[in-house]
Every structure is written in structure tokens, then in C-alpha cells.
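A.B. asks: Everything in the sequence shown is counted per the working numbering, starting at 188 for the first residue and increasing by one.
I am attaching a structure below and will ask some questions about it afterwards.
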Amino acid sequence: MPRHKRATLPLRLAVAAAILAALSFGGTLLYLALQPPPAATAAQQQAVTAAPSSARLVAPIDLTTIEVPNEAERLTQWSWMRFRAPRERWTAEDVDRFWIDPGRVGAEYLSQTNRRLIEELLSGVP
188 MPRHKRATLP LRLAVAAAIL AALSFGGTLL YLALQPPPAA TAAQQQAVTA APSSARLVAP
248 IDLTTIEVPN EAERLTQWSW MRFRAPRERW TAEDVDRFWI DPGRVGAEYL SQTNRRLIEE
308 LLSGVP
């Protein structure tokens, strides 16, 4: 019968941290839901009661007076914002700063791999 692998310590810590975070979040939500609303001050109560009785609006607000951005237009006219102007030509110094010869990278990798394989092969020779 196969034995089950025991969970490693980092996995246990991650699970414990996730459970603790979920309990903390749930407890905070429960506390905020059960807390009574704060009492309104006298100035706030006067403002609430005075608002319906005063006719301050000069013209009624309808959908034509509110400008809603067109999201489809914004997404279709999207472009990159550059922080500098692009160069027409790169100088030799600019190229040398970032250039990595791909032939040397491949040669180093092959050299390390072959050296390891040869050492493994020769380690069995008495």
C-alpha cells in the first residue's frame, strides 16, 4: 500500500498563513457588520433635513448633461506612452553595454555540460 507523503514545512506554513489571513479577514468583516452606525452630529442632521426642502437646482440633471466616457473608443485608440524619443541609430557604445554574444553563451553551456558528463563517465573508472 503506498504511503502518503507528508507535507513539507513551507507548505504547512503557507496553509497556516492562508487560514490565519482568512480568519482575520472574516473576523474584521463580522466586527464591522455588527458595529452600530456612528451617531450623526447636529450639523449633519440639519443638512439632511434642509436638503429636500430647498430647491437649489437651476435645471434638472439628465443623461445628456453628464459626460460618460466611451470605453470602447478609449480601448481602440490605445497607444504606448514613451518616456523618451526613440533613437534612429544606436552608437557602438550603446550596443556594447547590452550585447551578449550568443555563440559564447552556447559554448559555455556546452562546455559545462560536456565537462560534467565526462566527469560522471570517468568517475566509474578505477
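C-beta: ideal position from N, C-alpha, C; glycine also.
From a predicted model like this one, the values you see are computed outputs, not experimental measurements.
Could you pull the start and end residues of the alpha helix (DSSP H) that Thr-195 belongs to?
C.D. replies: Premise fails: Thr-195 is in no alpha helix (DSSP H) and is neither H nor E.
A.B. asks: Can you tell me whether DSSP reads Pro-289 as helix, strand or coil?
C.D. replies: For Pro-289, the secondary structure class from DSSP, reduced to helix, strand or coil, is helix.
A.B. asks: Can you look up Gln-231 in the DSSP assignment and give me helix, strand or coil?
C.D. replies: helix
A.B. asks: Between the alpha carbons of Ala-246 and Gln-222, how many angstroms are there, rounded?
C.D. replies: About 40 angstroms.
A.B. asks: Under 8 angstroms Cβ to Cβ from Tyr-218, same chain only, skipping five residues before and after it: list those, please.
C.D. replies: If we look at Tyr-218 and ignore the five residues flanking it on each side, it has no Cβ neighbours.
A.B. asks: What span of residues does the alpha helix (DSSP H) with Arg-261 cover, start to end?
C.D. replies: Segment 258-263, the alpha helix (DSSP H) holding Arg-261.
A.B. asks: Can you grab the Cα-Cα spacing for the pair Gly-311 / Thr-300, in whole Å?
C.D. replies: Taking the straight line from one Cα to the other gives about 18 angstroms.
A.B. asks: Is any heavy atom in the ligand GDP found nearer than 7 angstroms to the beta carbon of Ala-201?
C.D. replies: Looking at this structure, you won't find the ligand GDP or any other ligand, since it has none at all.
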